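For the sequence shown, my numbering gives the first residue as 1, with consecutive numbering after it. Just below is one structure, and these are the notes that go with it.
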Amino acid sequence: MVTLGAAVVDRLSLQLTLLLFLSVVVVTLFTALLTAPQRDEISEFYLGNRTMSPLRNGLAMCGDYLSAATLLGSTGLVALTGYDGLLYLCGTAVAWMMVLLLIAEPLRNSGKFTLGDTLALRLSRMQRPVRIALALCTLTITTLYLVAQLVGSVALLTQFTGEPSANTRLLCVVVIGTVVIVYAAIGGMPGATFIQIVKAVMLISGVTVTAVMVLNRFDWNIGALLGTAADNSGLGSRFLEPGLRYGGSTTNKLDFFSLQLAIVLGLAALPHVMMRLLAPKSSTVLRTSVVWATGLVSLVCLAAGILGLGATAIVGRDTIAETDRKGDAAVLLLAHDLGGAVLTALLSCLAFVTLLAVAAGLTLAAATSLAHDLYGAVIRKGRAKETEELAVARLAAVVIGVLGMLLALVSWGTNTATLAFLAFAIAASAILPTLVYTLFWRRFTAQGALLSLCGGLATSVLLVVFSPVVSSTPASFYPSVDFAWFPLQNPGIVSIPAGFLLGWLGSVLSSPEVPQSYEDFEVRTLVGAE
C-alpha cells in the first residue's frame, strides 16, 4: 500500500488532484464572474438571485455548512474511535433541526441583509453600540473559521508532499486565499452560491459513491462491516462501545458534552449560515430549503460514518494512526485501497474545493457585516449610497482575505479543529443568546444585547486562553508552560449559559423597550415582509 501523510504519494495521484482542482477553480471562477452582480445594488451583492428553487437553496446551505472537517476529520474520528466518532456525527446532523424548528423562519421574516438589521428593527435604543458589538463577534468568528480553512489546505497538502517547506506553505495559502477573495469580492452572494452548489453536489456524490463501494466490498452486510472494523481496530468489541475517546474521566465526558452543545447550538448562529437563511424569497421556500439541507447534511454524515468504519475495516486502525495521529488521512487511505490513484485524486480535489467554498462564504459574511453594519449603519448612519457601501464591502472582502492569509501563515501547525470549534462556541455563546432573546423575549433590551454579545465573546475567549488548548499538554500552543485552570478543551458548557445569563441580566437591570415595538416586530416575524 502506498503510504499517505509523512511519505510522498505516487505522482499520479498528486498530478490528477492538481488537474481536477485547477479545472474546478477555472470553471467556477469564470461562472462567478458571469453571475456577479451586474448592477450597483447591495441587495443583489448581499442576497443574490432570490428566485432559486428550494433544492438549489438547500444545496447552497449544505455547502455553506459542510467543511473539509466533515470529509476528513469526522471520518478519521470514526476510524480511530468507533462509537464515539459516530456519536459526534449525530450532533452535526441534529444541529440543522435546531435551525429548522427555532431560528430559520423568524430570522428570515424579520431580517434584511444581516442580523444587525433584525436587532435594529427589534431594539429601538442603542442600535449603534449593538451593531458594533455584533460586527466584532462576527469578525472574530469568521476569522477563526477562515484561518482554520486556510491552515487546513496546507494540512491537506501534507498528505501528498510530507512536511511542506515555508515557500510551499506560502504558495498554498496565497493561491487559496486569492481565489477566495475573488469569489467574495467580485462574485458576491451569486458567485458564492454557485461555488457552494458545485461543492455540495461534488461532496454528496463523492462520499455517497465511496460509501456504496465500501458497502459493496462487504456484500451490503452492515454486521460484517462492523465486525471487521472491530477486528482490525486492535481493540475488539471496545471499538463499538462508548468511551474510547470521550469516556473514562468526568472531564472527558464533560468535554464531549461541551463540544456537542457548541456544535448543535452554534450552527444556528454562524454568520455565513444566517446570511444564507436570509436569501430565500419567501418563508415557504426557506422551510423547504432547510428541510433539503437537513436531509443532505444527514446523508453526508451517514456516508462519513460508513467511510470511517470502512477505513478501519479495510486499511486498519494502526495504519491510519501511524500515518496521521488525528486520522485525517483515513478517507484518502481508504480511497487508494478502493479506487487507486483516481479515487484518491477525486476525494482530495473534493476536500480542496470544500475548503475553498467554505472560506468564500465566511469572507463574504465578514465583509457584509463590516460594510453594512459597521460602515453603513454606524459610521455613515444609514446615509451611505449603495455604490459606496458596495465598494466598502468589496474592499472589506480583500482585507479579510489578506488578514486570514497572514494569520494562517503565522498559526501554521495549529489544530484546525480547535479553531473551528472555538468559532462554534463563540457563535453559540454570544450571537445565539442575542438572536433567541431578540426573536422570542418581549423584555429584551439593547443593554441585554450588548452584555450577551460582549460577555459571551469575552467568556469564550478567556476560558480557551486558560484551557489545555493553550498550555499544559503536548498538543497545546505552549506545551512547556502551564496556566490552564479551566480543564475543558471547549468552553461551550460554561460560556453558552453565561451568554444567556448576561443577556437576561442586562435586560432586567435596564428600562424596557417601547412595548409597541415588540408587538410590531412579533407580527413581522410571523408574517414577514415579502
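Heads up, the beta-carbon is just placed ideally off N, CA and C, and yes, glycines get one too. Predicted model only: the values in this text are computed from it and were never measured.
Contact check for R317 against S369 fails: the beta carbons are separated by 7 Å or more. Of the candidates N57, F21 and N490, N57 places its Cα closest to the Cα of W292. Between E41 and the set A120, K385 and A366, the nearest pair of CA atoms involves K385. DSSP links Y88 through a beta bridge to no other residue.
Non-local beta-carbon contacts of V264 in its own chain, meaning distances under 7 Å to residues more than five positions away in sequence, involve G91, V94, A95 and M98 in chain order. In the three-state scheme derived from DSSP, where H, G and I count as helix and E and B as strand, S480 is classed as coil. Around the C-beta of V508, fewer than 16 other C-beta atoms lie within 10 Å, and the residue is accordingly described as exposed.
Pairwise C-beta distances place the region 417–427 in contact with the region 64–76, as three or more of them are shorter than 8 Å. For T445, there is no enclosing alpha helix (DSSP H), since its DSSP letter is neither H nor E.
The beta-bridge partner set that DSSP reports for S471 consists of Y478.
Judged by DSSP in its simplified three-state form, V315 adopts coil rather than helix or strand. Nearest neighbour of L136 by Cα position, chosen from C172, Q127 and L374, turns out to be L374. In this structure, A360 places its C-beta atom within 7 Å of the C-beta atom of I195. A Cβ-Cβ separation of about 18 Å leaves L259 out of contact with F500 under the 8 Å criterion. No residue range can be given for S165, since it is assigned to no alpha helix (DSSP H) and is classified by DSSP as neither H nor E.
Annotation: the continuous alpha helix (DSSP H) that includes R122 extends over L115 to R122. Note that the C-beta distance between V147 and G404 is below 7 Å. If the five residues before and after P242 are omitted, its C-beta is found closer than 6 Å to the C-beta atoms of Y83, all from its own chain and listed in chain order. Rounded to the nearest angstrom, the gap between the Cα atoms of S476 and Q489 is 10 Å. C-alpha of I493 to C-alpha of T251: approximately 12 Å in a straight line. When rounded, the separation of the alpha-carbon atoms in V207 and G248 is 32 Å.
Comparing alpha carbon positions, the residue from G188, A268, L309 and T434 closest to G227 is L309.
In the three-state DSSP reduction, Q489 falls in the coil class, being neither helix nor strand.
Where N221 is concerned, there is no enclosing alpha helix (DSSP H), because DSSP gives it neither an H nor an E. Of the candidates D64, T118 and G382, the residue whose Cα lies closest to the Cα of V201 is D64.
If the five residues before and after T35 are omitted, its C-beta is found closer than 7 Å to the C-beta atoms of G187, P190, G191 and F194, all from its own chain and listed in chain order. Judged by their CB atoms, V300 and L89 are not nearer to each other than the 7 Å cut-off. DSSP places K253 inside the alpha helix (DSSP H), whose first and last residues are T250 to G266. Collapsing the DSSP output to three states places S53 in coil. The continuous alpha helix (DSSP H) containing K199 extends over residues G188 to R217.
Taking R442 as reference, the option from G503, E388 and G401 with the minimal CA-CA separation is G503.
Looking only at D324, A303 and A425, the smallest Cα-Cα distance to F256 is reached by A425.
R394 and V173 have their C-alpha atoms roughly 20 Å apart. Residues A32, G191, A192, I195 and A360 of the same chain have their beta carbon placed closer than 7 Å to that of Y183, with the five preceding and five following residues left out of the count.
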